[in-house]
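All remarks here apply to the structure that follows.
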Amino acid sequence: MKAAVLKAPKDLRIEDVPVPEAGYGEVLIRVRATAICGTDVSFYEGKTEVDYPRILGHESAGEVVDTGEGVKTLKKGDRVVMSPTSYCGYCLDCMEGNTNFCKNGGLLGRELDGTYAEYVVVPKKMAFKLPESISLEEATTFIVLTTAVYAQRKINIFANSSVAIIGEGSAGLMQTRLSKLNGADPVIGISRSQWKLDLAEEKYGADYTFNENVEENVMELTDGRGVDYVIECVGKSATLNQATELVRPGGTIVAFGITPPTIDDFKSYALYYKDINIVGSRAMQLIDWPISIDLADRGKIDLGSIITHRISLDDLKKGFEMLNDRSQKALRIVVEI
Ligand SMILES: [Zn+2]
Ligand SMILES: [Zn+2]
Numbered sequence: 001m002k003a004a005v006l007k008a009p010k011d012l013r014i015e016d017v018p019v020p021e022a023g024y025g026e027v028l029i030r031v032r033a034t035a036i037c038g039t040d041v042s043f044y045e046g047k048t049e050v051d052y053p054r055i056l057g058h059e060s061a062g063e064v065v066d067t068g069e070g071v072k073t074l075k076k077g078d079r080v081v082m083s084p085t086s087y088c089g090y091c092l093d094c095m096e097g098n099t100n101f102c103k104n105g106g107l108l109g110r111e112l113d114g115t116y117a118e119y120v121v122v123p124k125k126m127a128f129k130l131p132e133s134i135s136l137e138e139a140t141t142f143i144v145l146t147t148a149v150y151a152q153r154k155i156n157i158f159a160n161s162s163v164a165i166i167g168e169g170s171a172g173l174m175q176t177r178l179s180k181l182n183g184a185d186p187v188i189g190i191s192r193s194q195w196k197l198d199l200a201e202e203k204y205g206a207d208y209t210f211n212e213n214v215e216e217n218v219m220e221l222t223d224g225r226g227v228d229y230v231i232e233c234v235g236k237s238a239t240l241n242q243a244t245e246l247v248r249p250g251g252t253i254v255a256f257g258i259t260p261p262t263i264d265d266f267k268s269y270a271l272y273y274k275d276i277n278i279v280g281s282r283a284m285q286l287i288d289w290p291i292s293i294d295l296a297d298r299g300k301i302d303l304g305s306i307i308t309h310r311i312s313l314d315d316l317k318k319g320f321e322m323l324n325d326r327s328q329k330a331l332r333i334v335v336e337i
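Structure below.
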């Protein structure tokens, strides 16, 4: 089968490798679509080391073509989306339902061979069956939606909560729509890019969007008080500091964007002075899959509009470059396999 194998940092080759076999409790999946994520790019560039050689890719959907022994819940022909991470099911974190903290798990494309390949083997518990209403390409967006659902399950948005989303990339757009579905009003989208804000209003239900004079505009909308929730989807000190300005006293910031290991100039005094809460959010838990699949199946959230580019496996390196090139206006690039 054809696969994108990382031999060393920046040494990515499209090669012919053996099709893996499904062992006990595993399924063999014909991969059809895999989205490119910043994490893949960091593996490619060597910013994060993996065991070489490694087939990259972890945001993906396909069809079951074979099942190993002990697999009763999936069968040949089932269309599935794959969770990017595995978990052991036996540690204390897993027993508490916190499979996203499992130390015995792994990520596709890092500890396990990933999905920039025609076929991949995954444990059955990592594959979630899709309804007919959702295409395999759209299903790659579930990897984003599930993380947004998890974050919003950790807070308590209710009717007429005010929510500001900082950063209207793929994740921010999912957070925007989910905030509306949870009853928030107003939902305010914030980004430097006008085209992302247009998408936030037109497809994902933002009530207001701003790319300048953000603080003044948000204060005007909230009678000078600030919003109940800020969902920060960028992960930089400037945007986290902006979140502390926009949140109301006693309000909550969801630190959703992945930050660098340390942040130097974070205005931490706001924690005390405004008595705010900061909520972290890491990946997703199991229940976020059925919740997300059901939301999309019932037409409540648009999975397809964030997919801006489609490429072939042979062009994967170009795709990695495109993702970081702002002039490309790439929200989500899907590799069709
Ligand atoms: Zn990812
Ligand atoms: Zn575990």
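Residue numbers (this note's numbering): 1 to 337.
Glycine included, each C-beta is placed from N, C-alpha and C at the ideal position.
- Nearest Cα to L286 within the set T67, T146, V27, E201: T146.
- Straight-line spacing of the CA atoms in P123 and P249 works out to 46 Å.
- Taking C-beta separations shorter than 7 Å and ignoring five residues to either side along the sequence, the partners of L295 in its chain run I301, following chain order.
- When N104, L112, C91, I253 are compared, the shortest CA-CA separation from M82 is found for L112.
- In the displayed model, L108 falls within a strand according to three-state DSSP.
- Under a 10 Å Cβ-count criterion, Y52 is classified as exposed, with fewer than 16 other Cβ atoms of the shown protein chains found around its own Cβ.
- Close CB contacts of D78 within its chain, under the 6 Å cut and outside five residues either way in sequence, are with V64, K129 (chain order).
- Runs of the alpha helix (DSSP H) lying entirely within the stretch 115 to 167, each at least 4 residues long, are 136 to 139, 142 to 153 in chain order.
- For G172, the uninterrupted alpha helix (DSSP H) run begins and ends at 170 to 181, by DSSP.
- Here the stretch 89 to 104 makes no contact with the stretch 43 to 63; the two share fewer than three CB pairs at distances below 8 Å.
- For the 8 Å CB-CB criterion, K203 and S305 form a contact.
- Between K267 and T239, the C-beta spacing is not below 8 Å.
- Here D297 has P131, S133, I134 as same chain residues with Cβ atoms under 8 Å from its own Cβ, once five neighbours each way along the sequence are excluded.
- Going by DSSP, A200 is part of the alpha helix (DSSP H) stretching over 194 to 202.
- By DSSP's assignment, N277 forms a beta bridge with T252.
- Distance from the Cα of L108 is smallest, within the candidate group S86, T259, K125, for S86.
- A164 and S237 have their C-alpha atoms spaced approximately 17 Å apart.
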